[in-house]
Amino acid sequence: MSEAWAPDWELDYYSRPILESDGKKRWELLICSTPAPGSNAEDFRFVLACPASSVNSIWLKQALEQALEASSAEGYGRPRRLRCWRGSMRTMVQRAAEGLGLELVPSRRCYALVSWLQERERSVYPLEEGYMAGPLAPPPLPIRAVSVPLPEAARGDRWAWATLPLAALAEAAEWEMGFSGLVPLPAGLDPETPVPGIRLFSATRALAMAGWIAGLEPVRLAIADQQLILEAGLEDRWLLTNLPEQEAAPNVPSSPAVTNVLCPVVSAIVLPMFAVTSKAPLHKS
């Protein structure tokens, strides 16, 4: 690289399906940089195994120091933020990150990391001695948090359903955006595939609204009990608006939300792009 640049990092510090010689599971730290939309720059990746007896924030801090040195040697700048998607590891990662002056963002928006982890589960771990083949115990189902109204600063005057073709989202990296939140698009889909979502409107505070929505780490839009919900962060659920019965029903063909769960791309792109703020509940445009 000709000059250092500073992407966000996505981090996973957890056990893997491999038994070591002492009969304990191997732990591993995976770090990758969040790809910049529209960029062909090579992503930073870092892997370090951790003995089960050393799993703590002290070991993790030392490992993060090694990762920082490695990224600097490869021409990357210091990461702006660390994203971690495992709630059970949040406290430990927080302690290690704070010791190095790094900001931790609890978030499910670790798309590059999850893709890399799935790749390793298919082609790396099965080749390791001690690999535990077969289905593992499923993780416990997360407790669904109660949805709460958006902060006042993040509310809009009006809202409307919106649809963009997939091809338009593929070009979005070239759009001028104050708060970009683009996510990788699935491969192999028809460029004309419609992507549903919503737009939020206000007369005066579009940029501030976009900043608030982006800062919530949006993951997807969903419909539950006639409510339009923005799922964000690790487990946050923000109430956007109440829906008429005919629009909340997933089996109504005329509803713009017939799938009942709106594409995760939308909350990252359509909301930040068109979000604007005001007081009071949202009213449909």
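Numbering-wise (the numbering used here), the sequence shown opens with residue 796 and increments by one.
Built from N, CA and C at the ideal position, the CB exists for glycine as well.
Residues bridged to residue i by DSSP?
| i | result |
| --- | --- |
| serine 1100 | This structure cannot speak to residue 1100, because the chain is shown only from 796 to 1080. |
| alanine 1019 | Gln1022 |
| threonine 958 | Pro991 |
| aspartate 1031 | Ala1027 |
| arginine 840 | Cys827 |
| leucine 814 | Lys820 |
| tyrosine 926 | Ile813 |
| proline 944 | Leu1034 |
Answer with buried or exposed for residue i, where buried requires no fewer than 16 other C-beta atoms within 10 angstroms of its C-beta.
| i | result |
| --- | --- |
| valine 888 | buried |
| aspartate 1031 | buried |
| leucine 824 | buried |
| arginine 1000 | buried |
| proline 1059 | With a pLDDT of only 36 at proline 1059, under the threshold of 50, the placement of this residue in the model should not be trusted; the figure read from the coordinates follows. Classification of proline 1059: buried, given that the 10 Å Cβ count is 16 or more. |
| alanine 928 | exposed |
| isoleucine 813 | buried |
| alanine 940 | exposed |
| glutamate 805 | buried |
| glutamate 1026 | buried |
| aspartate 1020 | exposed |
| valine 1065 | Low local confidence applies: a pLDDT of 37 at valine 1065 is under 50, so the model's placement there is unreliable, and no value is given. |
| aspartate 817 | exposed |
| serine 883 | exposed |
| arginine 873 | exposed |
Nearest to residue i by CA position, among the options, is which residue?
| i | options | result |
| --- | --- | --- |
| leucine 1011 | Pro981, Val990, Val943 | Val943 |
| proline 921 | Leu806, Arg881, Arg811, Leu1034 | Arg811 |
| glutamate 947 | Gln857, Lys856, Arg873, Leu1034 | Leu1034 |
| glutamate 869 | Trp880, Glu898, Asp838, Cys879 | Asp838 |
| glutamate 924 | Pro986, Glu815, Leu980 | Glu815 |
| leucine 1023 | Leu859, Ala1009, Gln1041 | Gln1041 |
| valine 978 | Ala831, Pro802, Trp822, Asp807 | Ala831 |
Return no unless some Cβ of chain D is closer than 8 Å to the Cβ of residue i.
| i | result |
| --- | --- |
| proline 991 | Included in the structure is just one protein chain, with no chain D present. |
Exercise. Taking contact to mean at least 3 C-beta pairs separated by less than 8 Å, is the segment 948–968 in contact with the segment 844–861?
Worked result: no
For this session: Take every Cβ of the segment 989–996, pair it with every Cβ of the segment 907–924, and state whether three or more of those distances are shorter than 8 Å.
Result: no
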